[in-house]
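**Q** First residue of the sequence shown: 1, per UniProt numbering; consecutive thereafter. Dumping the structure here so I can ask a few things about it.
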Amino acid sequence: MVMEQPLPAVMELICEEVQRVAPAVIASVLRVDADGRMHPLAAPGLPPEYSAALESLIIGPSVGSCGTAAWLGEPVIVSDIANDPLWADFRDLALPLGLAACWSYPIKASDGRVLATLAFYYRTARRPDAFHQQLAEVCASLCMLAFAREEAAERILQLDHYDSLTGLPNRSLLQTQAGTLLLAARSAGTTLSVLFVDLDRFKHINDSLGHVGGDKLLREVAQRLVAHAGDTALVARLSGDEFALVLPDSDRTQTIAAGKRIQAALRQPLRIDHASIAPSASIGISMFPADGDALDYLLHCAEMAMYDAKAAGRNLFRFFSIEMNWAAQERLALESALRDALLAEELHLNFQPQVFLRDGRLYGLEVLVRWHHPHFGMVPPDRFVPLAEDSGLIGALDRWVLEQSCAQLAAWRREGLSVPTISVNISPASFRDPGLPAQVAETLARHGLPAQALVLEMTEGLLMEDDAGLAATVAAIHAQGVRLSMDDFGTGYSSLGYLRQLPVHQLKLDKSFVIDLESDAAARELASAVIRIGDSLKLAVIAEGVENEAQRRFLLSQGCHMGQGYLFSRPLDAVAVAKWIAAPRAVERQPAEHGERHSRR
Ligand code: C2E
Ligand code: CA
Ligand code: CA
Numbered sequence: 001m002v003m004e005q006p007l008p009a010v011m012e013l014i015c016e017e018v019q020r021v022a023p024a025v026i027a028s029v030l031r032v033d034a035d036g037r038m039h040p041l042a043a044p045g046l047p048p049e050y051s052a053a054l055e056s057l058i059i060g061p062s063v064g065s066c067g068t069a070a071w072l073g074e075p076v077i078v079s080d081i082a083n084d085p086l087w088a089d090f091r092d093l094a095l096p097l098g099l100a101a102c103w104s105y106p107i108k109a110s111d112g113r114v115l116a117t118l119a120f121y122y123r124t125a126r127r128p129d130a131f132h133q134q135l136a137e138v139c140a141s142l143c144m145l146a147f148a149r150e151e152a153a154e155r156i157l158q159l160d161h162y163d164s165l166t167g168l169p170n171r172s173l174l175q176t177q178a179g180t181l182l183l184a185a186r187s188a189g190t191t192l193s194v195l196f197v198d199l200d201r202f203k204h205i206n207d208s209l210g211h212v213g214g215d216k217l218l219r220e221v222a223q224r225l226v227a228h229a230g231d232t233a234l235v236a237r238l239s240g241d242e243f244a245l246v247l248p249d250s251d252r253t254q255t256i257a258a259g260k261r262i263q264a265a266l267r268q269p270l271r272i273d274h275a276s277i278a279p280s281a282s283i284g285i286s287m288f289p290a291d292g293d294a295l296d297y298l299l300h301c302a303e304m305a306m307y308d309a310k311a312a313g314r315n316l317f318r319f320f321s322i323e324m325n326w327a328a329q330e331r332l333a334l335e336s337a338l339r340d341a342l343l344a345e346e347l348h349l350n351f352q353p354q355v356f357l358r359d360g361r362l363y364g365l366e367v368l369v370r371w372h373h374p375h376f377g378m379v380p381p382d383r384f385v386p387l388a389e390d391s392g393l394i395g396a397l398d399r400w401v402l403e404q405s406c407a408q409l410a411a412w413r414r415e416g417l418s419v420p421t422i423s424v425n426i427s428p429a430s431f432r433d434p435g436l437p438a439q440v441a442e443t444l445a446r447h448g449l450p451a452q453a454l455v456l457e458m459t460e461g462l463l464m465e466d467d468a469g470l471a472a473t474v475a476a477i478h479a480q481g482v483r484l485s486m487d488d489f490g491t492g493y494s495s496l497g498y499l500r501q502l503p504v505h506q507l508k509l510d511k512s513f514v515i516d517l518e519s520d521a522a523a524r525e526l527a528s529a530v531i532r533i534g535d536s537l538k539l540a541v542i543a544e545g546v547e548n549e550a551q552r553r554f555l556l557s558q559g560c561h562m563g564q565g566y567l568f569s570r571p572l573d574a575v576a577v578a579k580w581i582a583a584p585r586a587v588e589r590q591p592a593e594h595g596e597r598h599s600r601r
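Written out as structure tokens, the structure reads:
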């Protein structure tokens, strides 16, 4: 045991030592598994055909000496096999081999489970004597120690190779098991696929439901993956909300089928506490041998493809392509450039007028951030805002925009320019930051601005019920008198009941509805419905993306009073804003003027 010999070798040694000090004894050890089946472990003095006959015998109340001892959990002494009823079924096996007596001792775990039996056989019928009995007891305790040590070692191995939350293999076991599959695929000339599965919005779910809820979700996802990946698949948890699947003998078509199956299974809603969640995952896929031949590299490729799937939306899967490696490098470059941009102040702000649809009067300005990079050129916010969110830069970005917007508004007011409000876009991540309310208050105070001058826009996608952290921040901001606007309304899945509870002042009808107003009856229906929702909740509705006169008229006819879009003005820099405000404008707008679209630039 000290030399860390494997269990069968230790048992063999014990049996041989027993036979050396007590030559009349033939010793053997049978392991008893959790199903109550016996498996010969060591029996150096017994004929191999005898041990083979015992393999997988089920223990019971009269199954020879060992089967009975394991069943009872007590020593069983049979001094005469030929006449003992316990041996009725096994007599014909033992007697021809010259086995006449058998004493068996159970070997138990500390919790009382019988792990094995130690047997002493004799060639003559005989009762126990004191020396042999003592020897058997000492050996049984030795065996017990050896078994306990083996169980502990297995447990450590388990901890080392399995993820304790989900019970799935971890990365190191995946490495070993996938290695075997890759070898097999290489020699058989078959293909194999590696899937990198990453849950969508897991951080959000974890933040709003707490870690207990997050853990529950991960366990459920693990079960669904195992249930739907296929019998031969390896499923492992890599870390956090990242899982890996290896599908042996799977070509592109089969992999696509598996990917669809898995995504459909994940989408099934589940309840966690009071929230109903339909988990979704983005999946990246790489293929052996086309993309690589080592697991590490295949996982890397699959991960790149997963990022691509995320960027393209969510709940999608993508196969790896070599361009993705370049895209990933560009992404890294962009991310570090954004870090620098925040320091070097390569960012600047644009402002887009929000107007009353009836007469074009200025209602407020929406602040839109712009990044002009010396090498990448103009980087659109749709590209770098998500990047900032992923890389943890968003807090700094939103703070910077808030600060600059307030400074600009204060400057305009000092110049006597009348700008009623500014609307600042704040990312979901920043809204969940408990420091946000204090920071907003401090920034307003420092620039001598009243709270009513500021509107914060939050995207609807960020809403989720039972999100205590978010509700607290929003309430604190509202309490200061700062107004909140629900951006991109109609594109998310927020519950109206929940929306009613939030202290929101306005809805922004998403531009996707407005763009299609003329061509699409459904868009008209939807737009009217959203406007009515706003009305009945007593919220102001601002239509986004108003590009032409027909849209303006339709919106107005449906009771929407405010809008923004190229019809009135494109986003402008600070100097152009001052000019735009000073420019004379018809108070009551005339119908469809030609060239109107760009006339306010
Ligand atoms: P958003 O808040 O929905 O902003 C409206 C977007 O629609 C802007 O795009 C704007 O330029 C564009 N737009 C305005 N009028 C029209 C129109 O008539 N037709 C069309 N087709 N588009 C119009 P932009 O500036 O590219 O911003 C994209 C998104 O980036 C924003 O969507 C917002 O979610 C985010 N974003 C912009 N600035 C910031 C910021 O300072 N902080 C944060 N966190 N996000 C920002
Ligand atoms: Ca916005
Ligand atoms: Ca919007």
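Virtual Cβ for every residue (Gly too), placed ideally from N, Cα, C.
Is Leu368 close to ligand 1? I mean its beta-carbon at under 7 Å from any heavy atom of the ligand.
**A** Yes; taking the cut-off as 7 Å, the Cβ of Leu368 has a heavy atom of ligand 1 nearer than that.
**Q** Short of 6 Å in beta carbon distance, which residues of its chain neighbour Pro248, apart from the five on each side in sequence? Order them along the chain.
**A** So the list reads Leu181, Leu192, Thr232, once near-sequence residues are dropped.
**Q** Report the rounded CA-to-CA distance for Ile77 versus Trp103, giving the unit in angstroms.
**A** Their backbone Cα atoms lie some 4 Å apart in a straight line.
**Q** Got a sec, what are the start and stop residues for the beta strand (DSSP E) Arg271 sits in?
**A** First-last of the beta strand (DSSP E) with Arg271: 270 to 272.
**Q** Given Leu7, which residues of its chain have a CB within under 8 Å of its CB, disregarding the five upstream and five downstream residues?
**A** Leu41, Ala146, Phe147, Glu150, listed in sequence order.
**Q** Taking Arg524 as the reference, give the member of Lys108, Val18, Lys538, Ala543 with the closest Cα.
**A** Here the closest residue by C-alpha is Ala543.
**Q** Can you give me the C-alpha to C-alpha distance between Gln564 and Thr443, rounded to a whole angstrom?
**A** Between Gln564 and Thr443, the C-alpha separation is close to 26 Å.
**Q** Identify the continuous alpha helix (DSSP H) that holds Asp160 and give its terminal residues.
**A** Per DSSP, Asp160 belongs to the alpha helix (DSSP H) from 130 to 161.
**Q** Which complete beta strand (DSSP E) runs does the stretch 457 to 522 hold, if anything under 3 residues is left out?
**A** If we require 3 residues or more, the beta strand (DSSP E) runs fully inside the stretch 457 to 522 come out as 483 to 489, 506 to 509.
**Q** What residue does the alpha helix (DSSP H) around Asp340 start on, and which one ends it?
**A** First-last of the alpha helix (DSSP H) with Asp340: 322 to 344.
**Q** Ignore the nearest five residues each way along the sequence and tell me which others in Asp293's own chain have a CB closer than 8 Å to its CB.
**A** For Asp293, where only same-chain residues beyond five positions count, the Cβ hits under 8 Å are Leu182, Arg186.
**Q** Could you check the C-alpha separation between Leu97 and Tyr162 for me, to the nearest Å?
**A** In a straight line, the C-alpha of Leu97 is about 46 Å away from that of Tyr162.
**Q** Determine the extent of the beta strand (DSSP E) in which Met287 is found, giving its start and end residues.
**A** Unbroken beta strand (DSSP E) run through Met287: 281 to 288.
**Q** Could you check the C-alpha separation between Ser427 and Ala312 for me, to the nearest Å?
**A** One C-alpha to the other measures close to 19 Å.
**Q** Where do the ends of the alpha helix (DSSP H) carrying Ile262 lie?
**A** Per DSSP, Ile262 belongs to the alpha helix (DSSP H) from 252 to 267.
**Q** In three-state DSSP terms, what is Arg37?
**A** In the structure shown, Arg37 sits in a strand (DSSP, three-state: E or B).
**Q** Taking buried to mean at least 16 other C-beta atoms within 10 Å of its own C-beta, is Leu165 buried or exposed?
**A** Leu165 comes out exposed.
**Q** Report whether the distance from the Cβ of Tyr566 to the nearest heavy atom of ligand 1 is below 7 Å.
**A** Tyr566 Cβ: within cutoff of ligand 1.
**Q** Residues in the same chain with beta-carbon distance under 7 Å from Gly595, minus the five sequence neighbours each way, listed in chain order, please.
**A** Any reading at Gly595 is ruled out, since the residue's pLDDT is 38, under 50, leaving its predicted position unreliable.
**Q** What first and last residue would you give for the alpha helix (DSSP H) that runs through Leu183?
**A** 171 to 188 is the extent of the alpha helix (DSSP H) around Leu183.
**Q** Does the count of Cβ pairs from the stretch 511 to 524 and the stretch 472 to 482 closer than 8 Å reach three?
**A** Touching, no.
**Q** Counting only the same chain and skipping the five closest in sequence on each side, list residues whose C-beta sits under 8 Å from that of Met378.
**A** So the qualifying residues of the chain are Arg370, Trp371, His372.
**Q** For Leu95, is the classification buried or exposed, using 16 other Cβ atoms within 10 angstroms of its Cβ as the cut-off for buried?
**A** It is exposed - the Cβ of Leu95 has fewer than 16 other Cβ atoms within 10 Å.
**Q** Just how far apart, CA to CA, sit Leu199 and Leu334?
**A** Their Cα atoms are separated by approximately 24 Å.
**Q** Could you check if Asn325 is buried or exposed, using at least 16 other CB atoms within 10 Å of its CB as the buried criterion?
**A** Exposed.
**Q** In whole angstroms, give me the CA-to-CA distance for Gln175 and Leu270.
**A** The straight-line gap from Cα to Cα measures roughly 31 Å.
**Q** Which residues does DSSP list as the beta-bridge partners of Asp198?
**A** Note: Asp198 sits in a beta bridge opposite Glu242, Ser282.
**Q** Do you know how far the Cα of Gln268 is from the Cα of Pro279?
**A** Looking at the two C-alpha atoms, the distance is approximately 7 Å.
**Q** So the beta strand (DSSP E) Cys102 belongs to, where does it begin and stop?
**A** Per DSSP, Cys102 belongs to the beta strand (DSSP E) from 101 to 108.
**Q** Using CA atoms only, rank isn't needed, just tell me which of Ile283, Ala407, Ser519 is closest to Lys310.
**A** Looking at the Cα atoms, Ile283 is the closest of the given residues.
**Q** What does a CB cutoff of less than 6 Å around Ala592 pick up in its chain, not counting 5 residues either side in sequence?
**A** Confidence at Ala592 is low in this model, with a pLDDT of 43, below 50, so its placement is unreliable and no value can be given for it.
**Q** So, at 6 Å on beta carbons, what are the nonlocal neighbours of Ala52 in its own chain, with the 5 sequence-adjacent residues on each side left out?
**A** Here the set comprises nothing.
**Q** What does a CB cutoff of less than 8 Å around Asp215 pick up in its chain, not counting 5 residues either side in sequence?
**A** Excluding residues within five positions, the ones whose Cβ falls inside 8 Å are Leu165.
**Q** In this structure, does DSSP put Glu16 in helix, strand or coil?
**A** The answer is helix: DSSP assigns Glu16 an H, G or I state.
**Q** Less than 8 Å separating the beta-carbons of Ser423 and Leu362?
**A** Their beta carbons are not under 8 Å apart, which means Ser423 does not touch Leu362 by this criterion.
**Q** Would you call the stretch 243 to 261 and the stretch 206 to 213 in contact, with 3 or more CB pairs under 8 Å?
**A** No contact exists between the stretch 243 to 261 and the stretch 206 to 213.
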